[in-house]
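Some notes on the structure that comes next.
In the working numbering, the protein residues as written are 2 to 117.
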């Protein structure tokens, strides 16, 4: 039993000390870091969108992946009372939350049909 454990330990040490294992471990860490950095803004914006939606009674839809105009906000959208609401959600851990973004035009209220 001891010989089996010693041979297993020796084999594991050989694997861990090989250059292929070290290169694979470094590559895995680099890929993980790149993925976290790439999706960081999206992840923070989704947290803000879900928080805003829960407080407003809306249904969250989705957020864009990145902040495309460098204003530290990511475009998101939610459905509230059967209308799509454009949101800008913070892309920084220090600015979690959303604001409604109607652009240059205010939202158009739906006219109710007269009942005959």
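Don't be surprised by glycine CBs; every beta carbon is placed ideally from N, CA and C.
Return the CA-CA distance between residue 56 and residue 35, expressed in angstroms with no decimal places.
Counted from its first residue, the chain shown places residue 56 at position 55. Counted from its first residue, the chain shown places residue 35 at position 34. Rounded to the nearest angstrom, the two C-alpha atoms are 33 Å apart.
Are the CB atoms of residue 92 and residue 75 nearer to each other than 8 Å?
The residue given as residue 92 occupies position 91 in the chain shown. The residue given as residue 75 occupies position 74 in the chain shown. Cβ distance < 8 Å, so residue 92 and residue 75 count as in contact.
Report the option in 16, 24 and 90 whose CA atom is closest to the CA atom of residue 68.
For the purposes of this step, residue 68 is identified with residue 67 of the chain shown, where counting begins at 1. Selected option, being the one with the closest Cα: 90.
Alpha carbon to alpha carbon, how far is residue 63 from residue 86? Give it in angstroms, no decimals.
Along the chain shown, one-based indexing puts residue 86 at 85. Along the chain shown, one-based indexing puts residue 63 at 62. C-alpha separation (whole angstroms): 11 Å.
The alpha helix (DSSP H) with residue 26 in it runs from where to where?
What you label residue 26 is simply residue 25 of the chain shown in a count that begins at 1. Here the alpha helix (DSSP H) through residue 26 covers 20–57.
Three-state secondary structure assigned by DSSP to residue 79:
In the chain shown, the residue the question calls residue 79 occupies position 78. Strand at residue 79.
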